[in-house]
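Here is the structure we will look at, set down as structure tokens.
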Amino acid sequence: MGPSKSTTDAREAGKRLRLLFVDDEDNIRLTLPLLLDKHGFDVTTVAGVADALVQISAVSFDVLLTDLNIHSEGDGFLVITAMRRAQPGCKNFILTGYPGLENTIRAIQSQVDDFFTKPADIEELVAKIKARLSAPAGKPVRLAPVLMENEREITAKILDAIKGDVMLKKARLDDRRRVDHIPTIFQAVIDRLMHEGRPFSARQRQFAARHGKRRRKDGYTLPMLVREFQVIGETISDLLGTDILPLGVVELNSDLKLLTQSLNTFTLVSLEAYSRRR
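The opening residue of the sequence shown carries number 50 in this note's numbering; numbering runs sequentially from there.
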């Protein structure tokens, strides 16, 4: 059965929103629903896919929050798919240890509203869910999964831009060496976007430092190193509005700000390592 304006009616009447929570971990099933209850949700908790399907067929829900790997890898998407078919007005969220590339692409295809990474911050989780519930139809897709899905095409565009840049084309490097650092940079930026701007890890900063030292050996000048990161950012910006990054699918204000901050951090760490003579 499908709900009839359940989310809208519940908000207008000030009623508690119905949330289906699916997770096979005993501890989180005991703790998270209690916290959600305090934030105004009427939570139904189940431990498996079969029980979730029973609830979906019998009760109208405003929100679905499901673990990604309930009993088998990725079977949270089975619950998402069932909910979308039975109750298209329900907002769907994934709870996972870490959203990898394949899972994120599948999430786009399954129209998941957002990811939460374990252990989830309850205030952030509630804020995001309520923001999605109050958002108008036609939700945006986050920049992180779009970057993941189109990494190869974006990297090709960056390579073309580097080879066409007056300053950077002077470097005598083959195509692979010009852009073989891009996947690691993308992964670091994506990780930061998916985790709402958390600082780069020590390993990620070490990579940026190694890149700076490497470019010094490659014959780059300091302006060339700065320009390289500028070209990455400029290319992504230029792709907005194209088939790769269509306008309207990216939360521009927050995601592009984080992208710029991330590239700036990589630039500074690389420059510092480049300048260190040892």
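Where a beta carbon is used, it is the ideal one built from N, C-alpha and C, also for glycine.
Since the model is a prediction, treat every value here as computed from it, not as a measurement.
Under DSSP, the alpha helix (DSSP H) around residue i begins and ends at which residues?
i: D224; result: 224-228
i: K266; result: 251-266
i: N141; result: First-last for N141: 140-145, but that is the beta strand (DSSP E), not the alpha helix (DSSP H).
i: V161; result: No alpha helix (DSSP H) contains V161, which DSSP labels as neither H nor E.
i: V112; result: Where V112 is concerned, there is no enclosing alpha helix (DSSP H), although the beta strand (DSSP E) it sits in stretches over 112-116.
i: D75; result: 75-87
i: P168; result: Segment: none, P168 is in no alpha helix (DSSP H) and carries neither H nor E.
i: L305; result: From DSSP, L305 is part of no alpha helix (DSSP H); its letter is neither H nor E.
i: E277; result: 271-288
i: S109; result: Premise fails: S109 is in no alpha helix (DSSP H) and is neither H nor E.
Where residue i and residue j are concerned, what is the direct C-alpha to C-alpha distance, given to the nearest angstrom?
i: E321; j: M132; result: 51 angstroms
i: L294; j: I143; result: 23 angstroms
i: C139; j: T204; result: 36 angstroms
i: M216; j: R226; result: 16 angstroms
i: A210; j: L288; result: 12 angstroms
i: P272; j: R201; result: 26 angstroms
i: L102; j: L305; result: 38 angstroms
i: I171; j: I285; result: 33 angstroms
i: F110; j: T166; result: 22 angstroms
i: V112; j: L79; result: 18 angstroms
i: T93; j: T233; result: 40 angstroms
i: D124; j: A99; result: 11 angstroms
i: T145; j: G89; result: 23 angstroms
i: L317; j: D86; result: 45 angstroms
i: H260; j: A107; result: 56 angstroms
Give the range of the beta strand (DSSP E) segment to which residue i is assigned.
i: R67; result: 66-71
i: V92; result: 90-95
Using the Cβ count rule (16 or more neighbours within 10 Å means buried), how would you classify residue i?
i: L308; result: buried
i: Q310; result: exposed
i: A180; result: exposed
Between residue i and the rest of its own chain, which residues show a CB-CB distance below 7 angstroms, the 5 nearest in sequence each way excluded?
i: L312; result: F278, I281, G282
i: K177; result: D163
i: D224; result: L208
Apart from the five residues just before and just after residue i, which ones in its own chain have a Cβ nearer than 6 angstroms to its Cβ?
i: K262; result: A322
So, at 8 angstroms on beta carbons, what are the nonlocal neighbours of residue i in its own chain, with the 5 sequence-adjacent residues on each side left out?
i: V228; result: T204, I207, L208, I211
Under the criterion of a Cβ to heavy atom distance below 7 angstroms, does residue i qualify as lining the ligand FAD?
i: A210; result: Judged by which ligands are present, the structure shown has none, so any question about the ligand FAD falls away.
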